[in-house]
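Residue numbers (my numbering), protein chains in the order written: chain A, 1 to 298; chain B, 1001 to 1529.
For each residue, glycine too, the CB sits at the ideal point set by N, CA and C.
Printed below as a string of structure tokens:
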């Protein structure tokens, strides 16, 4: 299919008994981008990743990973990609260092210099036995094995869930390094700040279906801006203007959400009302996200 | 102890299928035995002859213990069924307790429960209570069932109590193991090893006619309750007291350790892997080698003990003209020694089947624990990953049987002045059991490939094979029914006539089962939960 896409998913469905885990998921990850895969627990992120890895069969739809079939070509494809599961378990009888080396070698080899550097950066003790590690440390082991393998595509399933803020910062640096080195990264997460800081494009998934996909800029453009203004006189009709939502007025200060396409008209009214101060912010990813999920529950 | 009731209900719900199945088997075996003996040996004279024959055969006594009272149906039932029922009750209790304590901690569910308003010791308490209830149910059903067969109430109750008593002692042993060990697997190993040692000590004591040795084993206590043979009621409170002491020890250990930790602390490992750790087969070796070493040593030790006993087999019949005459017709004392080895090796094969099934199901526990996923997400064909574990199951079971045969042969050979010759002979007879064991492994692989949620059926199948093999002659099953067990298909070696066909068929069956299992796994979804 398209040469510039590392992962192409079209209309993917997957059922577990009566539960529809994926309901026609579409996803396109361009080569060289960091793609955020956002959704709450149970939205189908992990199922989608497992199908991309050939660990599960999709029921319907089309999936292509690095130009190959995820199930049929699994062994060849897995040389070119690395996966970090959301819940890493290590072998009780193997040390963390042994697990890192083993996973790297099974993938076709590790860069020892990069491995040593990552062990250092993540402040990881490789001599403990599997069971002695905390959740965050088990995740570090899987991350080090993945990042030191120098593969084209990294599939990361909520990789920072157990990391402390310091290690999360190290993780972000590493992801930016990988991107600079031309790797493609799929970062599944429910941490919006992380996605916002790292990702070029985002796909939001709900109930096994992509509800939004695009660059952050574009997603924001499609949605509302937060406007806070300090006015001499608050115009009577401000709340009734087209595109204005959730107006709050406290004395001379007003706050509201404005649809992007009506922003110009609304600002014109505001500037004619004795404008003394104005902040106009694009929505955070959090607000984007909440809108999709609140729309669902109401 | 707050919350124990809720956890008890949770445990009973989680075991609503397996536990009734265990209880059914443990209760049905003695009742079926009583019914079979009443039908096959209706006259007291026939039963006495059977009793005399048994007492002349140390191999049988190693398996089942001595006959205390041969004239009654109850006495023979107690002889035949006490040990089997006690071993099964002990195994059920041990696995139950570990499953609801240590395995819960390993899975992290205990943490979830510990954070809820439940007492710190509610989890072990609920596990012990579950086991206690299961054993009481067994005792009640056995008493009712045996009296239902027309046996005296006192003997039935003593029999039922002795079986439940073994279950209780191993409830205690497993409770201690669950606290001492660093993980559920290790706890199971400790408890099952204790059971194996108890069996061995009792078998050695009974085969050699040394009562004091048999008293050391909790399984020996069960027989020495002497159900239907002048009941020794005081043995039952002995089991209860031992259980309480063990539970007190478990409680003391529990107070001294952290959740998830063990007394046997984890050691550190190397910071990087040896160059050899680079394939699924080597990974499988690393995962299996610890338990394989324990099994091999245990088999060698037990084999050596039986090797030491073999030569004394003849001594027991020296005073008995009738048996000696019978034996001379069969080929003399050497034939008796051969029969002894053949019987014991059959038993070793069944136990080795336990190793083979356990090892062949290791991929399933890897899958459930989420450790299969990262390996299969690397560039590893599924067939190679599974084949690594299958190889360890097949080669490992052959190795432990060889260890038992070699040790038995060398020790026996030293006593009769022919170590090399006997070593080769008994080793050969031991290795000849391997194809039957592989069929058990084959069923485990088949289930893993096609019905991963039903892999426990591989254990049920092994128990069924054992029952057919060991009880087939007593129950006078039709030959074709008995031959459903691969273990019953092999010629009795040493001493018997070697025919190659059974081996060829069993090996082909194993290959077919494994092939279909691997083909199924290659195609199916990974099912971690």
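Taking DSSP as the reference, what is the three-state secondary structure of residue i?
i: residue 1409 of chain B; result: helix
i: residue 137 of chain A; result: helix
i: residue 181 of chain A; result: coil
i: residue 13 of chain A; result: strand
i: residue 28 of chain A; result: strand
i: residue 952 of chain B; result: Residue numbering for chain B in the displayed model covers 1001 to 1529; residue 952 of chain B lies beyond these limits and cannot be assessed.
i: residue 228 of chain A; result: strand
i: residue 1057 of chain B; result: coil
i: residue 1228 of chain B; result: coil
i: residue 203 of chain A; result: strand
i: residue 1375 of chain B; result: helix
i: residue 1277 of chain B; result: coil
i: residue 90 of chain A; result: coil
i: residue 163 of chain A; result: coil
i: residue 83 of chain A; result: strand
i: residue 5 of chain A; result: strand
i: residue 1334 of chain B; result: helix
i: residue 198 of chain A; result: helix
i: residue 20 of chain A; result: strand
i: residue 95 of chain A; result: strand
For residue i, report the span of its beta strand (DSSP E) as first-last.
i: residue 212 of chain A; result: 209 to 215
i: residue 1302 of chain B; result: Here residue 1302 of chain B belongs to no beta strand (DSSP E); instead the alpha helix (DSSP H) covers 1280 to 1310.
i: residue 280 of chain A; result: 275 to 281
i: residue 1043 of chain B; result: Per DSSP, residue 1043 of chain B belongs to no beta strand (DSSP E) and is neither H nor E.
i: residue 246 of chain A; result: 244 to 250
i: residue 36 of chain A; result: 34 to 38
i: residue 303 of chain A; result: Since the displayed chain A opens at 1 and closes at 298, residue 303 of chain A lies outside it and no answer follows.
Cα separation between residue i and residue j?
i: residue 193 of chain A; j: residue 90 of chain A; result: 29 Å
i: residue 1186 of chain B; j: residue 1142 of chain B; result: 32 Å
i: residue 32 of chain A; j: residue 199 of chain A; result: 11 Å
i: residue 1137 of chain B; j: residue 1088 of chain B; result: 14 Å
i: residue 1479 of chain B; j: residue 1286 of chain B; result: 42 Å
i: residue 1459 of chain B; j: residue 1354 of chain B; result: 8 Å
i: residue 95 of chain A; j: residue 88 of chain A; result: 14 Å
i: residue 1222 of chain B; j: residue 1158 of chain B; result: 9 Å
i: residue 1424 of chain B; j: residue 1490 of chain B; result: 19 Å
i: residue 1133 of chain B; j: residue 178 of chain A; result: 58 Å
i: residue 1449 of chain B; j: residue 1375 of chain B; result: 17 Å
i: residue 1280 of chain B; j: residue 42 of chain A; result: 32 Å
i: residue 291 of chain A; j: residue 283 of chain A; result: 11 Å
i: residue 1395 of chain B; j: residue 1190 of chain B; result: 23 Å
i: residue 172 of chain A; j: residue 289 of chain A; result: 21 Å
i: residue 1017 of chain B; j: residue 1214 of chain B; result: 35 Å
i: residue 215 of chain A; j: residue 196 of chain A; result: 10 Å
i: residue 1441 of chain B; j: residue 1510 of chain B; result: 8 Å
i: residue 1218 of chain B; j: residue 1096 of chain B; result: 18 Å
i: residue 49 of chain A; j: residue 1106 of chain B; result: 26 Å
i: residue 297 of chain A; j: residue 206 of chain A; result: Caution is warranted here: a pLDDT of 44 is assigned to residue 297 of chain A, below 50, making its placement in the model unreliable, and the coordinate value is therefore given only provisionally. Distance between the alpha carbons of residue 297 of chain A and residue 206 of chain A: 12 Å.
Can you give me the start and stop residues for the alpha helix (DSSP H) that residue i sits inside?
i: residue 1463 of chain B; result: 1457 to 1475
i: residue 131 of chain A; result: No alpha helix (DSSP H) holds residue 131 of chain A; DSSP gives it neither H nor E.
i: residue 259 of chain A; result: Run containing residue 259 of chain A: none in the alpha helix (DSSP H); it sits in the beta strand (DSSP E), 253 to 259.
i: residue 1454 of chain B; result: Premise fails: residue 1454 of chain B is in no alpha helix (DSSP H) and is neither H nor E.
i: residue 1526 of chain B; result: First-last for residue 1526 of chain B: undefined, no H or E at that position.
i: residue 1066 of chain B; result: Careful: residue 1066 of chain B lies outside any alpha helix (DSSP H) and carries neither H nor E.
Determine, for residue i, whether the minimum Cβ-Cβ distance to residues of chain C falls below 9 Å.
i: residue 1273 of chain B; result: Note that chain C does not occur in the displayed structure, where the protein chains are A and B.
| query | Taking any Cβ of chain B, which residues in the region 68 to 95 of chain A have a Cβ under 7 Å from it, in chain order? | reply | Residues of the region 68 to 95 of chain A that bring their beta carbon within less than 7 Å of a beta carbon in chain B comprise 75, 78, 79, 83, 85, 87, 89, 91, 92, 93, 94, 95, in sequence order.
| request: Scan the region 1184 to 1213 of chain B and note each continuous alpha helix (DSSP H) run of 4 residues or more that stays entirely inside, going in chain order. | output: Complete alpha helix (DSSP H) runs here, min 4: 1184 to 1207.
| task | Give, in chain order, every unbroken run of the beta strand (DSSP E) that is at least 3 residues long and sits entirely within the region 47 to 76 of chain A. | result | The region 47 to 76 of chain A contains these whole beta strand (DSSP E) runs: 60 to 65.
| Which of the residues in the region 200 to 212 of chain A, read from start to end, lie with their CB under 8 Å from any CB of chain B? | Answer set for the region 200 to 212 of chain A: empty.
| task | Would you list, in chain order, the members of the region 149 to 182 of chain A that have their beta-carbon closer than 7 Å to a beta-carbon of chain B? | result | So the list is empty, because no residue satisfies the distance condition.
| message | Against chain B, which members of the region 95 to 117 of chain A pass a CB distance test of less than 7 Å? | response | Correct list: 95, 97, 98, 101, 102, 103, 105, 106, 107, 108.
| Chain-ordered residues of the region 121 to 140 of chain A with a beta carbon less than 7 Å from chain B | Listed by position along the chain: 126, 127, 128, 129, 131, 132.
| message | Quick check for students: name the residue ranges of the alpha helix (DSSP H) that lie wholly in the region 1472 to 1520 of chain B, counting only runs of 4 or more. | response | Secondary structure within the region 1472 to 1520 of chain B: the alpha helix (DSSP H) runs of 4 or more consecutive residues, fully enclosed, are 1479 to 1482 (chain order).
| request: Determine which residues of the region 24 to 56 of chain A have a Cβ less than 9 Å from any Cβ of chain B, and write them out in chain order. | output: Going along the region 24 to 56 of chain A in chain order, one finds 50, 53, 54, 55, 56 with a Cβ nearer than 9 Å to chain B.
| query | Taking any Cβ of chain A, which residues in the region 1375 to 1401 of chain B have a Cβ under 7 Å from it, in chain order? | reply | In summary, the residues of the region 1375 to 1401 of chain B whose CB is separated from some CB of chain A by less than 7 Å are 1375, 1376, 1377, 1378, 1379, 1380, 1381, in the order they occur in the chain.
| request: Using a Cβ-Cβ cut-off of less than 7 Å, list which residues of the region 1203 to 1214 of chain B approach chain A; keep chain order. | output: Considering only beta carbons, no part of the region 1203 to 1214 of chain B lies closer than 7 Å to chain A.
| request: Could you run through the region 240 to 258 of chain A and flag, in chain order, every residue whose CB is less than 7 Å away from some CB of chain B? | output: Listed by position, the residues of the region 240 to 258 of chain A near chain B (Cβ gap below 7 Å) amount to none.
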